[in-house]
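Numbering (the working numbering), first residue to last: 975 to 1211.
Notes to accompany the following structure.
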Amino acid sequence: ELEEEESGTMMDMFREGLAFKSTILIVMSVFVFFSYTSLILMIPRVFYEAADESSVSYTFDYGNILTTAASEIPFGLSGMVLFDLIGRRNSLSLYCGTSAVMCLLFGLPFSNTWLMIIGLFARGSGTVAFDAVLIIAAETFPTHVRGAGQSVCYAFGIFGCILGSLVATINLSYLLTSTMMFICSLSCVVLVWQLQETNGQNIDESSLQLRSDKKKLIPAEIQDLYFQDENFCSPVC
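Listed below in structure tokens is the structure:
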């Protein structure tokens, strides 16, 4: 019979071998949410200025913005397939890498048509990277801290959104803003490889690993008493 588990707290995210993983996930949440929000707010400004300079009607301008927003649908569907096909880490690396390059290009003086194409790939890949971080966080945290872990990552992600809003609305050059998004997205490509691949694995394997780590800390003479049943689930599971 399974014992009822105690819910963990935010502080438990930084104990029992989870501190490194939690820090990586929090940083990735801030970076991905920052890049995604900055891009969304930057796109209308770029198209508005491009339309104003080329005397293109506002209808065409808003059409470009709508088109870039619609790119999230096919990219989201592709992410749904690739998450299971090539794994979480490979998927996030692919989409964050694509987003990084496209965000950097978006800050350069291209024609309206090229800006729309770049915006399609930048926003589409950015939204899948956004989803990938949330999925990886859910599958990395063990059961007892999963709720707290996801909530904390999302809260820090919102902080990234606020920073992205500030950066996108002040008078920074487009190239500088794009460079910041490029650095954040590219950093996530590196950071995600510090985490374990969770695709195809038991969602609670991390809990079992924590149980094994804790067992090493218990004196050998009482280990048999503490872990009498193979199916026993300690408070850290």
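For glycine and all other residues, C-beta sits at the position ideal for the given N, C-alpha and C.
- The residue from T983, F1057, P1048, L1146 with its alpha-carbon nearest to that of E1113 is F1057.
- Per the Cβ contact rule, the stretch 1119-1126 is not in contact with the stretch 1152-1162 (fewer than 3 Cβ pairs under 8 Å).
- The beta-carbon distance between G1093 and T1042, rounded to whole angstroms, is 4 Å. This is short enough to meet the 8 Å contact definition.
- With contacts defined as CB atoms closer than 8 Å, L1066 and V1166 qualify as a contacting pair.
- One Cα belongs to C1070, the other to C1162, and the distance between them is close to 7 Å.
- Burial is judged here by how many other beta carbons sit within 10 angstroms of a residue's own beta carbon; L1040 has fewer than 16 and is exposed.
- The way I'd put it, the stretch 1129-1136 doesn't touch the stretch 1074-1081; fewer than three beta-carbon pairs between them come closer than 8 Å.
- The three-state reading of DSSP puts P1018 in helix, counting H, G and I together.
- DSSP places L1051 within a helical segment (H, G or I) once states are collapsed to three.
- Just measuring C-alpha positions, the residue of S1012, G1098, R1063, I1017 sitting nearest S1052 is G1098.
- Contact between G1138 and S1012 holds: CB atoms are separated by about 4 Å, below the 8 Å threshold.
- Close CB contacts of A1096 within its chain, under the 7 Å cut and outside five residues either way in sequence, are with L1013, S1073, M1076, C1077, F1080 (chain order).
- Per DSSP, the continuous alpha helix (DSSP H) segment holding L1165 begins and ends at 1148-1165.
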